[in-house]
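Quick notes on the structure that follows.
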Amino acid sequence: MTRYIIRRLLQAIPLLFIISMILFVLMQNMGDPLATMGGRTVTKSADRERLSRQLGLDKPIYVQYLYWLIGNDWAKADLDGDGIPETPGTRKGVLRGDFGTSLLNRGVPVTKVIGDRLPNTLLLMVTAELVIIVGSMLIGIYSALNQYSTADNIISTATFFLYSLPIFFFALVVMYIFAVNFKRWGLPYLPTVGMFEPQVGKTPAQVAWHMVLPVATLSFVYFAAYSRYIRSTMLEAMGKDYIRTAKAKGLPRPEIIYIHGLKNAALPIVTVVALDLPFLLGGALVTERIFAWPGTGRLFLDHLARNDTAVVMGLLMMIAVAVVLFQIVADVLYAWLDPRIRYK
Amino acid sequence: METTAEKPNGIVQLPLDELETPPLSLGQLTWRRFRRHRMAIFGGVSLILIFLYSFGGALFISEAEANFTATGDRLQPPSREHPMGTDTIGRDIMARTIYGGQISILIGITAMIVEVLLGVTIGSMAGFFGGKLDSLLMRMTEAIIVIPQIFLLLVMAKFFGGSIPNITILGRTFSGSVVIIIVIIGITSWPYLARIVRAEFLSLKENEFVLAARATGTSKREIIFRHILPNSMAPIIVAATLGVANAIAAEAYISFLGLGVRPPTATWGNMMESAYNYIESAWWLWLFPGFLISMTVLSINFLGDGLRDALDPHSRAA
Amino acid sequence: MFQKPFVRSLLFMLIAASFVLAGCAQPAAPTAAPVEPTQPPAAVEPTQAPAVAEPTQPPVVAEPTQPPAAPAEKKVTTFIWTQEFDTLNPLYTNMWFSTITHQWWNCWAWDFDEKNAPRPVLVKEIPSVENGGISEDGKTITLKLREDLVWSDGTPLTADDFIFTYEMTMSPKNAVAATSPYDKIEKIEAPDPQTLVMTFKDPYAPWVGTLWHGLLPKHILQPVFDSDGTLDKAEWSRAPTVGCGPFVFAEWESGSFARFVANEKYWAGRPKLDEIFVRFVPDDASQIAALKAGDGDLGTFIAYPDMPDLEAAGLTLVKTFSGYNEGYYFLLDPAKGHPAIQDVKVRQAIAYATNRQKLTEDLLLGKTVPAATMWDATPYIDPSITPYPYDPEKAKALLDEAGWVDTNGDGVREKDGTDLSFIYGTTTREIRKDTQAVVQQELAAVGIKVELQNFDSDIYFAGYGEGGPAATGQLDMFEYSTVPQFPDPDTFDFLCAEIPSDEKPSGTNWEGWCDPELDALFQKQATEVDFAARQQTFYQISKMIYDKVYWLGLWQDPDFYAVNPKLLNIKFSGVTPFFNIAEWDLK
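Structural data, given as structure tokens:
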């Protein structure tokens, strides 16, 4: 098993290189970072030329990628436009831990830009994920055990209905009902946007209170997906012969369900959860946007819209590394949970 | 009363018990089990109705009506003339849901087909053959997962955005961006299915019946298609149905970010997006497309559920 | 445990029910009376809708999650920004949401009041030829600063800070957002701490609208520049704790909020408010919800359809004209453009075929008017110019005259084998998409077929070098809204020399205007320091553009602010919106 893990890790390295190249090329072809530097007007041509030179955007793609990867402190840039490069660069490159500085938030290191938002995202996403997993387990198991009952049908309808509503819509509706209209009707209400109220300050109670609507939005929409998988795998597991044997032997019902049924149904569930975990880092694009939650999802959208290559690459590589690692973790978990699986 | 007739080679033939039913074919068995699932029947029926509405409705209302703007009539609530009201520039919403439905359904089904074909092929090959092929395919899968769907969509929109001309199929003209959406959704959804299929193949491969098949010299292709694949149909069907639902929902999500099907081609997704700013003030803008999206996704899911329950001989509650 | 799903189903039904109730309780508020801006806009125009029957609580009373604050508490006002500033350093950004904060914590030499007239801030009076501030030949401008200017840390603010700002802008080591107009200065010096003398290479007419938009503190940033070699990475850009405005920067949490507190040392007297809290809410609908719920006192960039809702919720909508006009630009390139568009008669036909009056009445709720020229609502346009009227018959006649007729009966005109069918592109904003659909239909009625395309902003506005669709000539008719150097009418985006090409990929003249007469006029106006002469030049410019339909105006694009009535003494300027922020107060 250790050899397998090491082999996977080694395989991951060229994969990450290739991914970074693909992403970089895609990013460069996305649009023009200088297009929106004029503010509400079109960028002037003199400024365009100068900024292109100063920010290193006039270099060919492979040179820009090289600088991104290994820095440019070994090369000189021509900053004053006279055609002669004279100023040494200051970047060390990703391989030495320097992800560069943001184009949008000029001069701020990428690690700071992302690091400022990451805790907020993790707070929101991890909470939401826990709620989803626990909720889906309960719903899925209940549905599987009471297949075709009225309760099962109602639950299926409700979860699917919520799943089929576009999330942005659900978020806004929920905001309108519980925040805007409840307040109007004099009922106890939830806040609309942000992480806390300015008058009160950023206290844990405030943050928790402000998290209710975003977490609810995320959970309600994803209950269906997870609970269906859990339901179907539970049904499969419960239909197996060893369950019949266990019942015949007269084992207590909870033991049958949880120890014999659930443990075997866990495999596909592990797949789904492990695959989704790394994306928690990327935040929930739409939910964060609507509830003005300062997370990495919004960061991604904002910086992508303004073609801030450094920050977007930083985010994407962070997620890439996480995805690769979690894939390995998931595979190891497979083997641990199902002794029949052997890796060559 | 049984009588046994001894055959020369010792095999005993038992007569049929009168109370036994004749053996059923797989199709008949599936249908009988399917019938039990009331919600699945409901799902199937409503899907047929929605289909009729979208494709049959086109016989009564022309596409020109769906695109006819009359800003003086904007944001009218439902009335006799406009049973579902009008939108922000006076177009009839009912006509737009009909034609929009065609596109949304088309996107859903086509994207699902792409997803299933890619996912099953790659997943089964990786799971069955293992070794280097498995590694390579799984790394490829990871690479796709890593690139966010939105990012890929923006890039493709940039590359192809303006240059894909309007497409005309069966007399209906719509924006070429529909193709881009289908390709993106299909390309970015297959990894999940591939991993599930691979996991199934990895487990099933070690089962006794596979060992038996290998022992009797069955070809690899037969093992895959006749032995393992039918046993892993359940997650594939669940994934396929959720896939159509996903695709239709993804289309709405993408429309919200402004990257959806370009106007003036209507889809349920981009109708919801236009209605986003009018949630309180003009409920008819979102209620009808929203209801249609929900009903379609709901029905598809119930249908898939019923199929899965019907096809899997082991699925029975404790 | 098994009751849970039932509870959830009940909850779901409750949601559905309250939803229906919400729908019923809100009859659509009738639109307010349309306002016509013939002048650069004035003060507050309260646009209250007639009272609607609904159980609204005045948002003033509700303090979100705390018991109501006692009046002796700090006066904090909350603004909602839909875009977060990228940086606060005035040199490094042109982002509107960042530059409008300058009146809070930074200082311009002069700003502009609600009539968009210049108002001295750091200078004793606006320089002119009469008071000796501007030399006879128009090349030298002298500023006389007030003696009592101090930065928020007590250091005196002198002409040295101006020179430092100039040096930092022009230094090649700083990747600043824009170098103009400082690149036109030949010599700058400070004979004494209160006097600044600038000599331009040529007389520079647009100086009042473009100079000294924000200062850098020399005593803080000179050491940073000396040690780092550049200001690009300065901490001050993220946290400008030393400023010269009525408020001082306090805090900025990425993605979340920014705080500015009252500057006790402000040389014009402490402001009335204690704190400005800016909240970043990127989603428009959320912004509206937050404003309605009273979670914000001020918001901007409001879409027209949301305005009646906001007014019904008790907010006041203030309109201020900032020089933006939305219109159509045509691709006048004989090689890449559509042959029909090159013909002025076809362009005029397009003007007559589109009912822009109805568009502004219906889609923009009558809150603005069609635009005639790019300099609408300024003193620089010929008063005889009015927008082209809606006359489809005349449009058809013009097209017939130009030789475009429908010979094959498919509804689209053609000539010499080419269909009169071209590409109309714009960004993805809702109002633009709606306009596209309406105009498409109107043009189809006179036999012109347009194909619609939409692009994301950063792709749409990408330059020639980056393959931007407008810049590279993929679009025949493109729509966007832009502004000259408001309140100055100067623009040099449309010179012949600015046509983008492989040699000059950064060119801004995507439209391909190259009319030698027009070009000469554009160059001339930039040097005319005499207002009357310049006005005449612009009369000629705007008339020429109007007659030849180089640009077809759609609507005037004012800025709207939604303000909670508990904020007092509100005035907005089109150029420097928050010019009198020091006087704002909370009830």
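These protein sequence lines map, in sequence, to chains G, W and D. Position 217 of the first sequence, counting from 1, maps to 211 under this note's numbering, and the rest follow consecutively. Each number in this note's numbering comes from the position in the second sequence (counting from 1) with 36 added on. Each number in this note's numbering comes from the position in the third sequence (counting from 1) with 7 added on. In this text, a Cβ means the ideal position worked out from N, Cα and C, and glycines have one as well.
Report task. Report the residues of the region 305 to 318 of chain D with a CB closer than 9 Å to any CB of chain W, ordered along the chain. Result -> ALA310, PRO312, ASP313, PRO315 and ASP316
Query raised in the report: For the 8 Å Cβ check, are there 3 or more pairs between the region 265 to 278 of chain G and the region 226 to 237 of chain W?
Result: yes
**Report entry** Interface residues of chain G facing D:TYR99 [CB-CB closer than 9 Å]
**Finding:** ARG100 and GLY101
Query raised in the report: Taking the C-alpha atoms as reference points, what is the distance between W:ILE186 and G:ASP296?
Result: 13 Å
Query raised in the report: How long is the line joining the alpha carbons of D:PRO200 and D:LYS208, rounded to whole angstroms?
Result: 24 Å
Query - Beta-carbon contacts of D:LEU525 that lie in its chain and below 6 Å, excluding the five residues immediately before and after - result: MET551
Query raised in the report: Per DSSP, what kind of secondary structure is D:PHE538 in: helix, strand or coil?
Result: helix
Query raised in the report: Roughly how far, in whole angstroms, is the beta-carbon of W:PRO29 from the beta-carbon of W:THR133, given that I think they are within contact range, below 8 Å?
Result: Summary: the structure shown does not reach residue 29 of chain W, with chain W confined to residues 37 through 354, and so no result is reported for it.
Query raised in the report: What does W:ASP128 pair with, by DSSP beta-bridge criteria?
Result: W:THR122
Query - Segment limits, beta strand (DSSP E) that includes D:SER488 - result: 484 to 489
Report task. Quickly, what does DSSP pair D:PHE676 with across the bridge? List them, please. Result -> As displayed, chain D neither begins before 8 nor continues past 594, which places residue 676 of chain D out of reach and without an answer.
Report task. In the DSSP assignment, find the unbroken alpha helix (DSSP H) run with D:ASP316 in it and report its ends. Result -> 314 to 319
Query - Closer than 8 Å at the beta carbon, the chain G residues around W:LEU334 - result: THR151, PHE154, PHE155 and SER158
Report task. Answer with yes or no whether the minimum CB distance from G:ALA145 to chain C is below 7 Å. Result -> Note that chain C does not occur in the displayed structure, where the protein chains are G, W and D.
Query raised in the report: If you check the beta carbons only, do G:ILE322 and G:ALA165 fall under 7 Å apart?
Result: no
Query raised in the report: Is it the case that the Cβ atoms of D:GLY216 and D:PRO494 are separated by a distance below 7 Å?
Result: yes
Query - Alpha carbon of W:GLY121 to alpha carbon of D:GLU437, nearest angstrom - result: 19 Å
Report task. Using only alpha-carbon positions, find the residue among G:ALA138, G:PHE162 and G:PRO103 that is nearest to D:ARG245. Result -> G:PRO103
Query raised in the report: Less than 7 Å separating the beta-carbons of D:TRP117 and D:VAL136?
Result: no
Query raised in the report: So is D:PRO230 buried or exposed if we call it buried at 16+ other beta carbons inside 10 Å?
Result: exposed
Report task. Could you please give the first and the last residue of the uninterrupted beta strand (DSSP E) stretch that includes D:ALA197? Result -> 192 to 199
Requested in this report: Could you tell me whether any non-hydrogen atom of the ligand ZN is closer than 6 Å to the CB of D:ASN587?
Outcome: Among the ligands in the structure shown, none appear at all, so the ligand ZN cannot be discussed.
**Report entry** Distance CB(D:ILE577)-CB(D:GLN110) smaller than 7 Å
**Finding:** no
Query raised in the report: Going by DSSP, what residues sit across from D:ASN332 in a beta bridge?
Result: D:THR489 and D:GLN563
Report task. Return the residue from the list W:VAL150, W:TRP320 and W:ILE149 that minimises the CA-CA distance to W:GLU115. Result -> What sits at residue 115 of chain W in the sequence shown is Ser, not Glu. It is W:TRP320.
Query raised in the report: Run through DSSP, which three-state label would D:GLY410 get?
Result: coil
Query - Cut-off 6 Å between Cβ atoms - residues of its own chain near G:ASP302, not counting five sequence neighbours on either side - result: SER96, LEU97 and LEU98
Query raised in the report: Under three-state DSSP, which class holds W:ALA286?
Result: helix
Requested in this report: Whole angstroms is fine: what's the gap from D:VAL353's alpha carbon to D:LEU317's?
Outcome: 42 Å
Query raised in the report: Where DSSP assigns a beta bridge to D:ASP118, which residues make up the other side?
Result: D:ARG126
**Report entry** Three-state secondary structure (DSSP) of D:LYS225
**Finding:** helix
**Report entry** Residues sharing a beta bridge with D:SER187, DSSP
**Finding:** In the DSSP output, where bridge partners are listed per residue, D:SER187 has none listed.
Report task. Measure the C-alpha to C-alpha separation of W:ASP170 and G:TYR252 and round it to an integer number of angstroms. Result -> 32 Å
Requested in this report: Alpha carbon to alpha carbon, how far is D:PRO584 from D:VAL285? Give it in angstroms, no decimals.
Outcome: 15 Å
Query - Partners in chain G for D:THR186, counting only beta-carbon separations shorter than 8 Å - result: ALA40, ASP41 and ARG44
Query - Any C-beta of chain D under 7 Å from that of W:SER184 - result: Per the sequence shown, residue 184 of chain W should be read as Pro rather than Ser. Chain D contact via Cβ: absent.
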